[in-house]
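*Asks:*
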């Protein structure tokens with residue numbers, strides 16, 4: 122056994138009675154248990170998620186036939202789901218009777234996560250293409266925002282890079298799509314990548330593509346740079362991109378040439394770059410999250426979006442738009458709002474900006490449908506300050522003080538999350554768990570819907 126004790130891989134050995142007689146520290150680390158809690162126990166007792174039909178060790182013990190490089194998933198004693206490859210083989214004596222079965226394991230959970238992420242990116246890209254063909258609606262009567270849109274339309278007529286800065290929820294991607302749809306390449310699909318949503322180990326291959334053999338499992342894959350050739354590439358949250366990848370991107374922005382991972386030949390692309398950030402570029406540069414030379418190259422044209430607090434005059438117009446947008450989804454017939462509803466909205470700080478406003482209006486509409494009203498009012502908004510569990514019919518109104526003067530037992534973020542979960546549950550029930558239809562009605566990518574369903578534990 123001394124040989125196995127010096128192995129860097131995980132291994133486990135059972136005898137002919139299915140008793141575990143060897144189990145190293147690497148195995149214990151992967152399984153999240155102590156070695157002494159596994160040794161000298163029966164295999165199926167130590168790993169209750171295994172069965173006689175699923176355990177490769179039991180199969181080899183019964184058949185005397187080795188199993189090489191088998192991919193499988195199982196739940197560890199610590200309830201963690203592992204994805205691994207294993208090689209299982211018997212040790213026999215002179216008369217070919219099995220004495221032991223040895224299984225050597227390689228954890229590939231991280232590789233599986235990366236693979237799943239690539240699939241997610243591919244599906245998101247497909248859905249982004251579909252979304253880019255929909256009619257774009259930017260709702261505003263605010264003079265500052267209208268002037269910004271006029272500047273953006275002017276920038277769109279040029280191939281120059283555009284940098285869009287603004288807080289979360291101010292509409293950076295919406296403005297990016299507005300620029301693309303007013304550009305000379307509007308008939309080509311705008312490619313979007315959220316740099317903050319991609320693991321640092323994956324972002325380079327996602328952008329530049331790979332050549333078969335570049336690393337284990339690598340194949341010939343086009344990167345987003347090549348897919349965006351002749352069109353627009355939106356780099357959202359570019360300050361989340363690793364600095365070393367930013368340096369490689371700089372050259373592509375400057376002269377249009379790049380080399381896929383593992384490749385020897387350069388490729389030429391012509392791309393219109395739009396980058397978005399949720400903080401001031403100068404701050405990101407000071408934090409060493411953004412290369413200054415890349416910033417200067419990409420900020421030829423700049424658009425800084427104002428927070429909702431600086432365009433309160435747009436709140437009534439946005440509320441009207443959200444009511445029209447979501448009436449079909451909620452099966453409601455709300456036709457407006459009362460002045461006190463708007464006054465209460467105008468009194469809020471809106472850290473989540475327009476995206477947060479839409480969520481608040483959605484939940485108020487849900488409350489309004491329970492009171493059988495035809496307009497949103499202060500009462501429906503006040504329900505946001507109560508713990509949200511289930512929607513119950515409301516038969517009467519109560520006198521309530523303005524939101525800003527009331528004690529809120531939970532954060533607004535928690536309330537909105539509760540609302541989002543309820544909305545998703547209602548939508549899944551209404552459309553009979555049809556993910557594609559629910560995603561279409563909610564106007565979100567299908568992968569985003571599935572991610573939220575997992576987040577809230579909504580089973581289908």
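Residue numbers (the working numbering): 122 to 581. Each residue gets a CB set at the ideal place from its N, CA and C atoms; glycine is no exception. Given the structure is predicted, the values throughout are model-derived calculations rather than measurements.
#1: Reducing DSSP to helix, strand and coil, say where residue 448 ends up.
#2: Checking 8 Å against the spacing of the C-beta atoms, do residue 429 and residue 475 come in under that value?
#3: Please report how far the alpha carbon of residue 367 lies from the alpha carbon of residue 397, in whole angstroms.
#4: What whole-angstrom Cβ distance do residue 361 and residue 344 have, given they're in contact under 8 Å?
#5: In three-state terms, what does DSSP make of residue 154?
#6: Considering Cα atoms alone, identify which of 482, 572 and 448 is closest to residue 439.
#7: What separation, rounded to the nearest whole angstrom, lies between the Cα atoms of residue 421 and residue 285?
#8: My guess is that residue 273 and residue 300 are in contact by the Cβ rule of under 8 Å, so how many angstroms apart are they, rounded?
#9: Does DSSP classify residue 311 as helix, strand or coil?
#10: Checking 8 Å against the spacing of the C-beta atoms, do residue 280 and residue 418 come in under that value?
#11: DSSP state of residue 477, grouped into three classes?
#12: Can you tell me whether residue 357 is buried or exposed? The criterion is at least 16 other CB atoms within 10 Å of its CB, across all chains shown.
#13: Among 183, 441 and 213, which has the Cα closest to the Cα of residue 262?
#14: Count the other C-beta atoms from every protein chain shown that fall within 10 angstroms of the C-beta of residue 131, then say buried if there are 16 or more, exposed otherwise.
#15: Return helix, strand or coil for residue 139, following the three-state DSSP convention.
#16: With a threshold of 8 Å on Cβ separation, who are the neighbours of residue 82 within its own chain once the five nearest residues in sequence on each side are excluded?
#17: Starting from residue 423 and walking both ways along the beta strand (DSSP E), at which residues does that stretch end?
#18: Counting Cβ pairs, one atom from each stretch, are 3 or more of them under 8 Å apart for the segment 307-318 and the segment 460-470?
#19: Would you check if the segment 181-190 and the segment 149-159 touch, i.e. whether three or more CB-CB distances between them fall below 8 Å?
#20: Suppose you measure from the CA of residue 207 to the CA of residue 177; what does that come to, to the nearest Å?
*Replies:* Short version:
#1: Within the chain shown, the letter at position 327 stands for residue 448. The answer is helix: DSSP assigns residue 448 an H, G or I state.
#2: By one-based count along the chain shown, residue 429 stands at place 308. By one-based count along the chain shown, residue 475 stands at place 354. In this structure, residue 475 lies closer than 8 Å to residue 429 by Cβ.
#3: Taking the chain shown and counting its residues from 1, one reaches residue 367 at position 246. Taking the chain shown and counting its residues from 1, one reaches residue 397 at position 276. For residue 367 and residue 397, the distance between alpha carbons rounds to 14 Å.
#4: Taking the first residue of the chain shown as position 1, residue 361 is located at position 240. Taking the first residue of the chain shown as position 1, residue 344 is located at position 223. In fact, because the Cβ distance is near 18 Å, the residues do not count as touching under 8 Å.
#5: Locating residue 154 in the chain shown gives position 33, where the first residue counts as 1. Reduced to three states, the DSSP call for residue 154 is coil.
#6: Locating residue 439 in the chain shown gives position 318, where the first residue counts as 1. Here the closest residue by C-alpha is 482.
#7: As a working note, residue 421 is residue 300 in the chain shown. As a working note, residue 285 is residue 164 in the chain shown. If you take the alpha carbons of residue 421 and residue 285, they lie about 11 Å apart.
#8: To locate residue 273, count along the chain shown from 1; it is residue 152. To locate residue 300, count along the chain shown from 1; it is residue 179. Right, their Cβ atoms sit about 5 Å apart.
#9: Numbered from 1 along the chain shown, position 190 holds the residue referred to as residue 311. Three-state result, residue 311: coil.
#10: Position 159 of the chain shown, counted from the start, is the residue given in the question as residue 280. Position 297 of the chain shown, counted from the start, is the residue given in the question as residue 418. Not in contact: residue 280 and residue 418 (Cβ atoms no closer than 8 Å).
#11: For this step, residue 477 is matched to residue 356 along the chain shown. DSSP places residue 477 in helix when its eight states are reduced to three.
#12: By one-based count along the chain shown, residue 357 stands at place 236. With 16 or more other Cβ atoms within 10 Å, it is buried.
#13: On the chain shown, position 141 is the one that residue 262 refers to. The candidate whose alpha carbon is nearest that of residue 262 is 441.
#14: Looking up residue 131 in the chain shown gives position 10. When all chains shown are included, residue 131 counts as buried.
#15: For the purposes of this step, residue 139 is taken as the residue at position 18 of the chain shown. Here residue 139 sits in coil by DSSP.
#16: No answer is possible for residue 82: it lies beyond the span of the chain, which begins at 122 and ends at 581.
#17: The residue labelled residue 423 in the question sits at position 302 within the chain shown. Its beta strand (DSSP E) spans residues 422-425.
#18: no
#19: no
#20: To locate residue 207, count along the chain shown from 1; it is residue 86. To locate residue 177, count along the chain shown from 1; it is residue 56. Taking the straight line joining both Cα atoms gives about 9 Å.
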